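To start, the structure itself, in structure tokens.
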Ligand code: SF4
């Protein structure tokens, strides 16, 4: 394979190449934590690639120089499982190597915040990186927060917060809420502690699980979106920190759909064509509302289930070509007389190379159904 002089299998090399092309600086999947909810443990086998080690700094230099045009984020991953960026023994050297190559100012760097030191905080400030610290509810549900006052005072996480504040680094906190923490009130205590600490931005992650997730883990991650939205809204009213839920509220979602459909309307070549809209299940009714409001004609909607991931996954970003094929076949089985002339899919399901998470290109659908595909 061109360019691969490293000990990387073809599929793994391709996956890292594509992550760097997408601006995602990812360094391997070793982690110093063992979060019970870690999605990487329960991904469908074979969808994302697994390296089972860290990339060497030479490999990272290779991918960065050859494929990284612009940095979107550091320490996350698309097509590969990722670990803890700062657990890489040369994490700081990697950042120092990247900074002269590509602009890091304002770039998000994901970390579990367990091992940050003065050196890290200084480098964040120097390069303008914006750390996003993921606070694992697995850590905090076992603690008696009330007895310890501010839980973070004596934790490694608290130490990281102090350092970021000392060096005036902009940062945000991501929380994966667990059912136990939510129902016992510990999540509220954690939010209180963070607010008292002076944290300005808290993002409530939507807990997710796949059909491969063990039942007990899935149950711990089963909190209704409406309950979390309500929780976030109540805390927002206290007005001390910007607390947001990862899933957009209905009004915001409708606005986004309006915008996407209006952009589509500008494409004159599809105006009179029979349009098949494919969308994630939770979006179907909202999309229907937007299409009728905008007086779109000649269309049908087919919802698409995340069959490959399963579980509570229902976002467009985790829909694969395989899911679209299942949905399109269902549509054809029930609509024999109505043949679409164009299929419209959410852009979110595809990366910069127009490929899904399993690196299958969107054009697979055009070839299979001989129908043009538009991503919106
Ligand atoms: S810190 Fe992230 S990568 Fe590590 S175990 Fe937890 S969720 Fe997984």
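In my numbering, the protein residues as written are 5 to 380.
For each residue, glycine too, the CB sits at the ideal point set by N, CA and C.
Being a predicted model, the structure only gives us computed values, none of them experimental.
If you draw a straight line from the Cα of residue 188 to the Cα of residue 227, it comes to about 13 Å.
Taking C-alpha positions only, residue 371 is separated from residue 327 by approximately 16 Å. With a minimum length of 3 residues, the unbroken runs of beta strand (DSSP E) contained wholly in the stretch 205–241 fall at 205–208.
Residue 66 and residue 17 have their alpha carbons spaced roughly 11 Å apart. Taking the Cβ atoms as the reference, residue 279 lies roughly 5 Å from residue 346, within the contact range of under 8 Å. In the displayed model, residue 250 falls within coil according to three-state DSSP, outside both helix and strand. With contact defined as three or more Cβ pairs closer than 8 Å, the stretch 10–28 and the stretch 355–366 are in contact.
Taking C-beta atoms as the reference points, residue 38 and residue 85 fail to come closer than 8 Å.
Exclusion of the five residues before and after residue 113 leaves 78, 79, 133, 135 as the residues of its chain whose Cβ lies within less than 6 Å of its Cβ. Contact between the stretch 328–339 and the stretch 258–265 is absent: fewer than 3 CB-CB pairs across the two stretches fall below 8 Å.
When beta bridges are read from the DSSP output, residue 335 appears opposite no residue. Beta-bridge partners of residue 284 (DSSP): 308. A Cβ-Cβ contact shorter than 8 Å links residue 161 with residue 139. Taking 8 Å as the cut-off, the Cβ atoms of residue 56 and residue 96 do not count as close.
For residue 16, the uninterrupted alpha helix (DSSP H) segment begins and ends at 14–25. Relative to residue 276, the option among 165, 299, 288 whose CA is nearest is 299.
Look at the stretch 65–125 and you find these whole runs of beta strand (DSSP E), each 3 residues long or longer: 112–115.
In this structure residue 31 touches residue 58 by the C-beta definition: roughly 6 Å separates them, less than 8 Å. Apart from the 5 residues on each side of it in sequence, residue 87 sits with its Cβ closer than 7 Å to the Cβ of 32, 33, 34, 35 in its chain, given in chain order. Those residues having their beta-carbon less than 5 Å away from any non-hydrogen atom of the ligand SF4 are, in chain order, 35, 37, 39, 42, 116. For residue 199, the enclosing alpha helix (DSSP H) covers residues 190–201. Beta-bridge partners of residue 32 (DSSP): 58. Straight through space, the alpha carbons of residue 175 and residue 244 are spaced by roughly 16 Å. Note: residue 359 is bridge-paired with 365 in the DSSP secondary-structure output.
Between residue 208 and residue 247 a beta carbon distance of about 7 Å is seen, short of the 8 Å cut, so the two are scored as contacting.
For residue 261 against residue 308, the beta-carbon gap comes to about 15 Å, at or over 8 Å, which does not count as contact. Distances from the CA of residue 301 to each of 317, 43, 344, 240 were compared; the closest alpha carbon is that of 344. When the alpha-carbon of residue 220 is set against those of 195, 250, 182, the nearest one is in 182.
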